[in-house]
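Residue numbers (the working numbering): 56 to 213.
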Amino acid sequence: MQVRVGQGFDVHPFIADASRPLVLGGVTFPSERALKGHSDADVIAHACTDALLGAAGLGDIGELFPDTDPAWAGADSLELLAEATRRVREAGWEPGNVDASVVTDHPKLAPMRDEMQSRLSAAVGAPVTVKGRRPEGLGALGRGEGVACWAVAVVTSS
Ligand code: MG
56 MQVRVGQGFD
66 VHPFIADASR
76 PLVLGGVTFP
86 SERALKGHSD
96 ADVIAHACTD
106 ALLGAAGLGD
116 IGELFPDTDP
126 AWAGADSLEL
136 LAEATRRVRE
146 AGWEPGNVDA
156 SVVTDHPKLA
166 PMRDEMQSRL
176 SAAVGAPVTV
186 KGRRPEGLGA
196 LGRGEGVACW
206 AVAVVTSS
């Protein structure tokens, strides 16, 4: 059996736009602020996508779903994650699990953690876990200017 690991990182800045939903891990959070991006800017789904693509050696999310392509404007990032996972399997790799660490003070992730994990896991077809970390006042994340997420994924082939 072959085992590979992949790492993904993403960051999106906050914008004040009450009309735009704040989506993290496929869950819409009540918030005055939203994340800026071409798609729904779901930074957790994007980091998980890049981790899986990296593990399978399939490039990155920007190559698969270019932000210059109007087809992905406002895209549901869970669908992008599911499509990337389909391509990972097509290339002969089976996702083992994905683990993500999100760095932000806002919104509070804990109440929606199970729901995020459930939706992300459904998109991947394997366990996806999400951990929230506070930025402790440091830098742009500490000033609440955006949300960052790191993820690692394991894939196997027999
Ligand atoms: Mg992104």
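A virtual CB, placed ideally from N, CA and C, is assigned to each residue, including glycine.
All values reported here derive from a predicted model rather than from experimental measurement.
Straight-line CA distance for proline 182 to threonine 140?
-> 13 Å
What's the gap between the Cα of threonine 184 and the Cα of proline 125?
-> 31 Å
If you follow the beta strand (DSSP E) that glutamate 149 is part of, which residue opens it and which one closes it?
-> Note, glutamate 149: beta strand (DSSP E), 149–158.
So, helix, strand or coil for threonine 211, using DSSP?
-> strand
Whose C-alpha, out of His101, Ser86 and Arg188, is nearest the C-alpha of aspartate 72?
-> Ser86
At which residue ranges does the segment 168–212 contain complete beta strand (DSSP E) runs of 3 or more residues, listed in the order of the chain?
-> Inside the segment 168–212, DSSP marks whole beta strand (DSSP E) runs of 3 or more residues at positions 183–188 and 201–212, from first to last along the chain.
For serine 132, count neighbouring C-beta atoms within 10 Å of its own C-beta (all shown protein chains included) and say buried if the count is 16 or more, exposed if not.
-> Serine 132 sits buried, since 16 or more C-beta atoms from the chains shown fall within 10 Å of its C-beta.
Beta carbon nearer than 5 Å to a non-hydrogen atom of ligand 1 | The filter returns Asp65 and His101, in chain order.
In this structure, does DSSP put threonine 140 in helix, strand or coil?
-> helix
Mapping DSSP to helix, strand and coil, what is aspartate 115?
-> coil
Give the C-beta separation of proline 190 and aspartate 160 to the nearest angstrom, bearing in mind that I take them to be a contact with Cβ-Cβ under 8 Å.
-> Confirmed, Cβ separation roughly 6 Å.
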